[in-house]
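2 is the number of the first residue of the sequence shown in the working numbering; add one for each residue after it.
Even glycine gets a Cβ: it sits at the ideal position worked out from N, Cα and C.
Quick caveat, the model's predicted, so the values are computed rather than measured.
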Amino acid sequence: MELSVKNSAITSSITLATDTKAKKMKAQGLDVVGFGAGEPDFDTPAYIVEAAKEALEKGLTRYTPASGIPELKEAICEKLRKDNGLEYKQNQIIVSNGAKHSLYNAFEAILNPGDEVIIPAPYWLSYPEIVKIAGGIPVFVETREDNDFKIQIDDLKKVVTSKTKAIVINSPNNPNGCVYGFDELEAIAQLAVEKQIFIVSDEIYEVLVYDGLKHISIASLGKEIKDLTIVINGMSKAYAMTGWRIGYAAAHEDIVKVMSNIQSHTTSNPNSIAQYASLAALKGSGDEIKRMVDEFCRRRNFMVDRINSIPGLSCRLPKGAFYVMMNIKEIIGKSYKGQIIDGSLSFSDLLLDARMVTVVPGIAFGADNYVRLSYAVSMDNIEKGLDRIEEFISELDS
Ligand code: PMP
Ligand code: GLU
Numbered sequence: 002m003e004l005s006v007k008n009s010a011i012t013s014s015i016t017l018a019t020d021t022k023a024k025k026m027k028a029q030g031l032d033v034v035g036f037g038a039g040e041p042d043f044d045t046p047a048y049i050v051e052a053a054k055e056a057l058e059k060g061l062t063r064y065t066p067a068s069g070i071p072e073l074k075e076a077i078c079e080k081l082r083k084d085n086g087l088e089y090k091q092n093q094i095i096v097s098n099g100a101k102h103s104l105y106n107a108f109e110a111i112l113n114p115g116d117e118v119i120i121p122a123p124y125w126l127s128y129p130e131i132v133k134i135a136g137g138i139p140v141f142v143e144t145r146e147d148n149d150f151k152i153q154i155d156d157l158k159k160v161v162t163s164k165t166k167a168i169v170i171n172s173p174n175n176p177n178g179c180v181y182g183f184d185e186l187e188a189i190a191q192l193a194v195e196k197q198i199f200i201v202s203d204e205i206y207e208v209l210v211y212d213g214l215k216h217i218s219i220a221s222l223g224k225e226i227k228d229l230t231i232v233i234n235g236m237s238k239a240y241a242m243t244g245w246r247i248g249y250a251a252a253h254e255d256i257v258k259v260m261s262n263i264q265s266h267t268t269s270n271p272n273s274i275a276q277y278a279s280l281a282a283l284k285g286s287g288d289e290i291k292r293m294v295d296e297f298c299r300r301r302n303f304m305v306d307r308i309n310s311i312p313g314l315s316c317r318l319p320k321g322a323f324y325v326m327m328n329i330k331e332i333i334g335k336s337y338k339g340q341i342i343d344g345s346l347s348f349s350d351l352l353l354d355a356r357m358v359t360v361v362p363g364i365a366f367g368a369d370n371y372v373r374l375s376y377a378v379s380m381d382n383i384e385k386g387l388d389r390i391e392e393f394i395s396e397l398d399s
């Protein structure tokens, strides 16, 4: 039985698998602390849930236009205008089944076989796989912790070839929490305009920025870069709506048309109820977002200080999203009860077996000297989990 060679090589999502494992262990009554989750631990705000109930009661349960209801597209245009200084019309917006689906549609729309897509590493693990599904070739450009994991323009220039079709910019970043500033984005934008390269700008963590920073969309830097940029965003992180599955993209109408045609033959419209709930979310006051961000900031500060107090471990202060990249370089080569830690995978496995704490191995993000911890976890669990990590580290033999 011969299966698709291209798609048989696609890996499964380690982030989702880690999260599922922790949730399953918790359901079995085990006292597991899960730092794997890439989702807010808050419930979806009540006014959004109410809007969904209302949509159900009104019978808004039928097919909608495949690329999303006009009211929601209008609210997205308004959001992009207000928050990002971006002017889009409704035919430049497509609503999809989560930002992951928006990314898939985007790469399907722009890539031809053999086209290269530059992805800064460490990267969110789905980018390379989605690029490959869409027939492209992921090309990684390494970033360094002492540069806050931000891409350096000279390094970027070195990997651009005649086959480069797009560059992925994810700010605020998963997994490393970096947030790009104006000058850094401008240098990337200039290169993209000069070489006519698309930018896929994943802005799903937009609202999660700390220390007074402001998120900047690279598309807002000028008309030429806007025409080359596909802005990706969604409801999952900002509104604690991971399960509702609504994401969206904004781009030149020619790109959105191809994305919409693909969507019309694959999934049709995203869930109608979730679209009405998202409309209410975008029209809300944003008070819940502020409360959530303040709480994430408090947890981030605690987690970073606590990690840096454990001998052998370290991390930088991430400026956005809700993840910490914990540097385990000094731990590699040590052993736990005779079992050697030879990288992030064995570190994560042994930590789970020994202390019932889940983290995501950095190898999943192209960074084997790290593991990722999410602080979208209650403060009690953060304290408990880090105490356990400290105990685990103290039991290692050199
Ligand atoms: N981009 C990044 C960087 C993410 O971390 C996620 C997390 N799921 C997504 C996109 C997709 O989000 P969703 O499909 O839930 O909208
Ligand atoms: N994006 C989140 C994470 O990185 C959720 C899981 C996923 O979609 O990969 O953990």
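Q. If you measure from the CB of Ser127, is any heavy atom of ligand 1 nearer than 8 Å?
A. Here residue 127 refers to the residue found at position 126 when the sequence shown is read from its first residue. It does: the Cβ of Ser127 is within 8 Å (strictly closer) of some heavy atom of ligand 1.
Q. In terms of alpha-carbon separation, which member of Pro319, Lys215 and Gly313 lies closest to Arg300?
A. To locate residue 300, count along the sequence shown from 1; it is residue 299. Taking Arg300 as reference, the option from Pro319, Lys215 and Gly313 with the minimal CA-CA separation is Pro319.
Q) Within the present structure, is the beta-carbon of Asp203 separated from the nearest heavy atom of ligand 1 by less than 8 Å? A) For the purposes of this step, residue 203 is taken as residue 202 along the sequence shown, with counting starting at 1. Yes, since a heavy atom of ligand 1 falls inside the 8 Å radius drawn around the Cβ of Asp203.
Q: Sort Leu87, Pro66 and Asp42 by Cα distance to Ala252 and report the nearest one.
A: Counted from its first residue, the sequence shown places residue 252 at position 251. It is Leu87.
Q: Measure how close the beta-carbons of Asn382 and Val34 come, nearest whole angstrom, since I'm counting them as under 8 Å.
A: Numbered from 1 along the sequence shown, position 381 holds the residue referred to as residue 382. Numbered from 1 along the sequence shown, position 33 holds the residue referred to as residue 34. Right, their Cβ atoms sit about 5 Å apart.
Q: Give the secondary structure of Pro139 by DSSP, where H, G and I count as helix, E and B as strand, and everything else as coil.
A: As a position in the sequence shown, residue 139 is number 138, starting the count at 1. The answer is strand: DSSP assigns Pro139 an E or B state.
Q) Cα separation between Ile247 and Ser336? A) Mapped onto the sequence shown, residue 247 falls at position 246. Mapped onto the sequence shown, residue 336 falls at position 335. So the two alpha carbons sit approximately 44 Å from each other.
(Q) When you compare the CB positions of Lys158 and Leu112, do they come within less than 9 Å of one another, or not? (A) By 1-based counting over the sequence shown, the position of residue 158 is 157. By 1-based counting over the sequence shown, the position of residue 112 is 111. Result no, Cβ atoms of Lys158 and Leu112 do not sit closer than 9 Å.
Q. Straight-line CA distance for Thr12 to Glu187?
A. The sequence position of residue 12 within the sequence shown is 11, counting from 1. The sequence position of residue 187 within the sequence shown is 186, counting from 1. Their Cα atoms are separated by approximately 34 Å.
Q: Identify, in the order they occur along the chain, each residue of the same chain with its Cβ nearer than 6 Å to the Cβ of Ser345, setting aside the five sequence neighbours on each side.
A: On the sequence shown, position 344 is the one that residue 345 refers to. Excluding residues within five positions, the ones whose Cβ falls inside 6 Å are Pro362, Gly363, Ile364, Asp369 and Val372.
Q) Could you give the uninterrupted runs of the beta strand (DSSP E) lying entirely in the stretch 66 to 143, keeping only those of 3 residues or more? A) The stretch 66 to 143 contains, as complete beta strand (DSSP E) runs of 3+ residues, the segments 94 to 97, 117 to 122 and 138 to 143 (chain order).
Q: Note down, in chain order, each residue of its chain lying with its Cβ closer than 6 Å to the Cβ of Glu331, except the 5 sequence neighbours on either side.
A: As a working note, residue 331 is residue 330 in the sequence shown. Leaving aside the five residues that flank Glu331 on each side, the residues in its chain whose CB is nearer than 6 Å to its CB run, in chain order, Gly313.
Q. For the putative contact between Ile276 and Ser97, defined by C-beta atoms under 8 Å, what is the C-beta separation to the nearest angstrom?
A. Taking the first residue of the sequence shown as position 1, residue 276 is located at position 275. Taking the first residue of the sequence shown as position 1, residue 97 is located at position 96. Correcting the residue identity first, residue 276 is Gln in this sequence and not Ile. In fact, because the Cβ distance is near 11 Å, the residues do not count as touching under 8 Å.
Q. How about Cys298 and Tyr181: do their beta carbons lie closer than 9 Å?
A. Translated into the one-based positions of the sequence shown, residue 298 becomes position 297. Translated into the one-based positions of the sequence shown, residue 181 becomes position 180. No. Outside cutoff.
Q. Considering only residues of the same chain and omitting the five flanking positions on each side of Ser273, which have a CB-CB separation below 8 Å?
A. Counting from one through the sequence shown, the residue named residue 273 turns up at place 272. The residues are Ala56, Leu61, Thr62, Arg63, Tyr64, Thr65 and Ile70.
Q) Can we count Tyr206 as close to ligand 1, meaning its CB is less than 8 Å from some heavy atom? A) Locating residue 206 in the sequence shown gives position 205, counting from the first residue. Yes, the Cβ of Tyr206 comes within 8 Å of a heavy atom of ligand 1.
Q. Taking the alpha-carbon positions, what's the Pro139 to Asn177 distance?
A. Mapped onto the sequence shown, residue 139 falls at position 138. Mapped onto the sequence shown, residue 177 falls at position 176. Put simply, the backbone Cα of Pro139 is about 19 Å away from that of Asn177.
Q. Considering only residues of the stretch 314 to 379, which uninterrupted alpha helix (DSSP H) runs meet the minimum length of 4 residues and lie entirely inside it, listed in chain order?
A. Whole alpha helix (DSSP H) segments, 4+ residues: 345 to 356.
Q) Contact check, Ile200 vs Leu229 under 8 Å by CB: the rounded distance? A) On the sequence shown, residue 200 is found 199 positions in, with the first residue counted as 1. On the sequence shown, residue 229 is found 228 positions in, with the first residue counted as 1. Confirmed, about 6 Å.
**Q.** Val305 versus Glu195 - alpha carbon distance
**A.** Within the sequence shown, numbered from 1, the residue matching residue 305 stands at position 304. Within the sequence shown, numbered from 1, the residue matching residue 195 stands at position 194. Near 40 Å, if we compare the C-alpha coordinates of Glu195 and Val305.
Q: Would you grab the beta carbon distance between His216 and Glu204 for me? Rounded to a whole angstrom, and I think it's under 8 Å.
A: The residue given as residue 216 occupies position 215 in the sequence shown. The residue given as residue 204 occupies position 203 in the sequence shown. Rounded to the nearest angstrom, the Cβ distance from His216 to Glu204 is 7 Å, consistent with a contact under 8 Å.
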